[in-house]
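Trainee:
There are 2 protein chains.
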Amino acid sequence: MELQSLINYIRRHVDLSSQEISTLQEYVNIRTYKKGQYIVQQGDICHYESFIISGCTNTYFIDPEGNEHVVMFAIEDWWTGDLGSFISRQPADFNVQCLEKTTVAQFSYQNLQIVYKELPKLERFFRLIIQNAFVASQKRVVRNFSLQAKERYLFFRKQYPEIEQRVPQYLVASYLGITKQFLSKIRAELILGG
Amino acid sequence: MELQSLINYIRRHVDLSSQEISTLQEYVNIRTYKKGQYIVQQGDICHYESFIISGCTNTYFIDPEGNEHVVMFAIEDWWTGDLGSFISRQPADFNVQCLEKTTVAQFSYQNLQIVYKELPKLERFFRLIIQNAFVASQKRVVRNFSLQAKERYLFFRKQYPEIEQRVPQYLVASYLGITKQFLSKIRAELILGG
DNA sequence: CGAAAATTTGACATGACTCAACTGGAGTGG
DNA sequence: CCACTCCAGTTGAGTCATGTCAAATTTTCG
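See below:
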């Protein structure tokens, strides 16, 4: 059923017996959000880490001047939420909004603590996941400094072709750290230049 | 002795019996680098995760155009190395160079795998550490997009006053993603403007 | 002290932003 | 089926933040 994609995903990182899977199931909830709904809102405490079974989300924040900045997108088989808020139990910096109807598998903070106790393997699993996320984030910092806007766009398009299809262009611009107008100009130039 | 700072650090995150500490000690090596020496070089495989007991390091990379970009600094009680290379056993993207004489406690890849087996608590410990590192990295992405160079510099100065004292200004500029000339102008303006 | 490294300063160039107007669908309702 | 609106995307003129290059100055350190 719906949890299958999460189970497959976990099994790519650690072994799980069917015994362990049924334990796990007790602590996960499936939930579906409509397009436009929020999984987390900036200022609230983020109560869940969410694994996307289907759909697409946009993580963004509003800075003190009122400008919106896209932090990341997430689609099937990605995790989403505000991890900083989730682990510290402090108000979230980010909004997580569904760009499509989105079904997720959620761990609440309490349940996740129980899962760590009962299934220590998952401690390892989450370490591996977060390790990868950290490395990816660090590489993004590096790209943002060493590449120009046009190159960042080309990288994004190549790395996440599916996401580019599914999210509006002005959000892609924000993710890249540029204005929607400038992205439009970059695209015009790319079409002309080949 | 020298390992004490690492032990204290770990104990801030998980409990360790003296039994466990002596197990741990078998798998850690202390090593001292001179100023200017490299702990990792771009293109090599990063064999160690290093905890800094004393000293200061600069993590940077050279992009295809030959420009250097500082990724991070690290001082006492921080971890350093190229985690992406360490976990994937692939060539490092980064150089880690000592800006001062630097003493570190190192885990080799093999030893760390053993430690995870023998002391599952450390699986948890490293998950917590990396979680924090990931959250910090994500926030840095956000700052880089929402703040101007001058504001990023002021944030850096406030957040890491000690690091600013210890590393040359041109490396700070690179860390902030600006040229050394422009940082110099920002500083001139700050001094005049109060 | 002298040489090399780090920092500052100035003139000019450019990548990216702002603002404002315009284009072109995708509904929506009369 | 047309007129209207709304939203995403495009385009252009002017501006600003930051970069480049080159030279002068200061600091560091053998």
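Chain order of the listed sequences is A and B.
Residue numbers for the first sequence follow my numbering, beginning at -10 and rising by one.
Residue numbers for the second sequence follow my numbering, beginning at -10 and rising by one.
From the three backbone atoms N, C-alpha and C, an ideal C-beta is built for every residue, glycine too.
Computed from a prediction, not measured in an experiment: that's the story for all the values here.
(1) Determine whether the beta carbon atoms of B/ARG116 and A/PHE115 lie at a separation below 9 angstroms.
(2) In terms of residue numbering, what span does the beta strand (DSSP E) encompassing B/SER39 cover?
(3) With 16 other CB atoms within 10 Å as the buried threshold, where does B/ILE41 fall?
(4) So, do the segment 71 to 90 of chain B and the segment 21 to 41 of chain B have three or more beta carbon pairs nearer to each other than 8 angstroms?
(5) Under a CB-based cut-off of 9 angstroms, is A/LEU160 close to chain B?
(6) Would you list the one or two residues that DSSP bridges to B/PRO80?
(7) Tell me, please, whether the segment 124 to 140 of chain A touches the segment 87 to 101 of chain B by the rule of three or more beta-carbon pairs shorter than 8 angstroms.
(8) Report yes if the C-beta distance between B/TYR49 and B/THR91 is below 9 angstroms; otherwise report no.
(9) Verify the CB distance criterion: does A/PHE145 have a CB-CB separation below 9 angstroms to chain B?
(10) Buried or exposed: A/GLU(-9), going by 16 or more other Cβ atoms within 10 Å of its Cβ?
(11) Verify the CB distance criterion: does A/ARG78 have a CB-CB separation below 9 angstroms to chain B?
(12) Comparing alpha-carbon positions, which option in A/PRO53, A/PHE123 and A/VAL104 lies nearest A/PHE83?
(13) Report back the beta-carbon spacing between B/GLN127 and A/SER126 to the nearest angstrom; my notes put them in contact at under 8 angstroms.
(14) Rounded to a whole number of angstroms, what is the C-alpha to C-alpha distance between A/TYR142 and B/PRO109?
(15) Per DSSP, what kind of secondary structure is B/GLN158 in: helix, strand or coil?
(16) Let me see if you follow: with CB-CB separation under 9 angstroms, is B/ILE119 close to chain A or not?
(17) Since B/ASN28 and B/VAL85 are thought to touch, with beta carbons under 8 angstroms apart, how far apart are those beta carbons, to the nearest angstrom?
(18) Could you give the residue range of the alpha helix (DSSP H) that holds B/VAL124?
(19) Is B/GLY166 close to chain A? Criterion is C-beta to C-beta, closer than 9 angstroms.
(20) Check whether the Cβ atoms of A/PHE181 and A/GLN158 lie closer than 9 angstroms to each other.
Mentor: Short version:
(1) Residue numbering aside, residue 116 of chain B sits at position 127 when the second sequence is read from its first letter. Residue numbering aside, residue 115 of chain A sits at position 126 when the first sequence is read from its first letter. Yes, Cβ-Cβ distance for B/ARG116 and A/PHE115 is below 9 angstroms.
(2) As a working note, residue 39 of chain B is residue 50 in the second sequence. First-last of the beta strand (DSSP E) with B/SER39: 37 to 43.
(3) Taking the second sequence and counting its residues from 1, the one referred to as residue 41 of chain B is at position 52. Buried is the call here.
(4) yes
(5) Here residue 160 of chain A refers to the residue found at position 171 of the first sequence. Among the CB atoms of chain B, none fall inside 9 angstroms of the CB of A/LEU160.
(6) Here residue 80 of chain B refers to the residue found at position 91 of the second sequence. DSSP lists B/ILE34 as partners of B/PRO80.
(7) no
(8) Numbered from its first residue, the second sequence carries residue 49 of chain B at position 60. Numbered from its first residue, the second sequence carries residue 91 of chain B at position 102. Going by beta carbons, B/TYR49 and B/THR91 fall outside the 9 angstroms limit.
(9) Position 156 of the first sequence holds residue 145 of chain A. Cβ-Cβ to chain B under 9 angstroms: no for A/PHE145.
(10) Within the first sequence, numbered from 1, the residue matching residue -9 of chain A stands at position 2. Burial call: exposed.
(11) The residue labelled residue 78 of chain A in the question sits at position 89 within the first sequence. Chain B, which has no Cβ nearer than 9 angstroms to the Cβ of A/ARG78, makes this no.
(12) For this step, residue 83 of chain A is matched to residue 94 along the first sequence. Restricting attention to A/PRO53, A/PHE123 and A/VAL104, the CA atom closest to the CA of A/PHE83 is found in A/PRO53.
(13) Stepping through the second sequence from its first residue, residue 127 of chain B is reached at position 138. Stepping through the first sequence from its first residue, residue 126 of chain A is reached at position 137. Taking 8 angstroms as the upper bound for CB-CB distance, B/GLN127 and A/SER126 are in contact here, some 5 angstroms apart.
(14) Your numbering for residue 142 of chain A matches position 153 in the first sequence. Your numbering for residue 109 of chain B matches position 120 in the second sequence. In a straight line, the C-alpha of A/TYR142 is about 42 angstroms away from that of B/PRO109.
(15) Against the second sequence, residue 158 of chain B aligns to sequence position 169. Note: B/GLN158 maps to helix in three-state DSSP.
(16) Position 130 of the second sequence, counted from the first residue, corresponds to residue 119 of chain B. Interface residue, yes.
(17) Start at 1 with the first residue of the second sequence, and residue 28 of chain B comes out as number 39. Start at 1 with the first residue of the second sequence, and residue 85 of chain B comes out as number 96. Looking at the sequence itself, residue 28 of chain B is Ile, so the reference to Asn does not match. Right, the Cβ-Cβ distance comes to about 4 angstroms (below 8 angstroms), so this counts as a contact.
(18) Here residue 124 of chain B corresponds to residue number 135 of the second sequence, with the count starting at 1. Note, B/VAL124: alpha helix (DSSP H), 109 to 135.
(19) Residue 166 of chain B sits at position 177 when you count from the first residue of the second sequence. So yes, B/GLY166 belongs to the interface.
(20) Residue numbering aside, residue 181 of chain A sits at position 192 when the first sequence is read from its first letter. Residue numbering aside, residue 158 of chain A sits at position 169 when the first sequence is read from its first letter. It is worth fixing the name first, because residue 181 of chain A is Leu in this sequence and not Phe. Their beta carbons are not under 9 angstroms apart, which means A/LEU181 does not touch A/GLN158 by this criterion.
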